[in-house]
Structures are given as structure tokens and as C-alpha cells.
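Below is one structure, written out as C-alpha cells; the observations come after it.
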Amino acid sequence: MFKIFESKEEKYVKSHLRHLVRLAMSDGVLHHEEVSFIKKIGKKNGLSESAVKAIIQNPTSVDIEIPNSNKERFNQIFDLVQMMMKDGNVNDAEMEFCMDIANRLGFRKVIVGVLVAKITRGIDSGLSRKELMEEAQPFINY
31 MFKIFESKEE KYVKSHLRHL VRLAMSDGVL HHEEVSFIKK IGKKNGLSES AVKAIIQNPT
91 SVDIEIPNSN KERFNQIFDL VQMMMKDGNV NDAEMEFCMD IANRLGFRKV IVGVLVAKIT
151 RGIDSGLSRK ELMEEAQPFI NY
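Next comes the structure, spelled out in C-alpha cells:
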């Protein structure tokens, strides 16, 4: 069924999934773990499986929407970094993509690299999303 009206939140989620799919495909291979992660994020945010599959098949069909809250912007960057780390191989193109999206989400260019690196190291160290958000707060508000 064609959906005419979408909430702002649903637009944010679809835009976020678009970014996740593009990041996952940046190395030329869409791994099973990456697809599972995208589906998990979609489901957690209330999207149907068919809506998520449609985004995976054609990510550019979704318009880019920038969330207003720092918390949601941080959560999107956190998910992107998790996606970047899914295949166990972080390459320069993926890192650049994450930093570009962080900048587009409204984080100042001078702190984007530090923010992405901080999240990457925190995930490697086993820190929770909440702990990392608290640690990153000075960068988020910069």
C-alpha cells in the first residue's frame, strides 16, 4: 500500500537506514551481518520489514532528513560506527563516510573525526551507547 503521509520520526528513521545501507555498500559488498543490523534498527524504530527491504534495495528513494535533537543525531552516528565495524574491517572510505554524515547531521567539522574515533574506540572497549554519549557530550555541544 502506498503511504501518503509519514511522521517526521518515520522520515528520520528511513533517512537513517538510507545512510546505513550506503555505508554497508561502500566496500562493494553487503554482508549478511550488515543486512541483519539494518533490519534490526528498522524494526526497533517501528518500520515494517517490507519498508526496510525497499530501502535496502533502493536507498536513494528516501529523502535525507536531519533530526533536531542532539540525542537522535548522536544515536545515528553511533549506529553508523557500529555498522562500519560489523565486517571487522574499517577502511578509509567507511571512516570518511561516517565523518561526512556526522557533519551533515550538524556536528561541526572540527570535531567530527574526534567524535567518530571516540565512538569507535568506545565500542571496541565495550562501552554502552549511554556511556559513550555521556563521554562525548562536550563534543556534541561544541
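In the working numbering, the protein residues as written are 31 to 172.
Each residue gets a CB set at the ideal place from its N, CA and C atoms; glycine is no exception.
This structure is a prediction, so every number in the text was calculated from the model and none was measured.
Q. Below 8 Å, can you find three or more Cβ-Cβ pairs linking the segment 124-139 to the segment 73-87?
A. no
**Prompt:** Can you give the beta carbon distance from Ala54 to Leu60, rounded, assuming they're within the 8 Å contact cut?
**Reply:** 5 Å
Notebook entry, point to check: Since Ile153 contacts Val111 with CB under 8 Å, what's their CB separation in whole angstroms?
Noted result: 6 Å
- For the segment 137-145 and the segment 113-122, state whether three or more C-beta atom pairs, one from each stretch, are separated by less than 8 Å. no
Practice item. Can you grab the Cα-Cα spacing for the pair Ile96 / Glu36, in whole Å? Key: 15 Å
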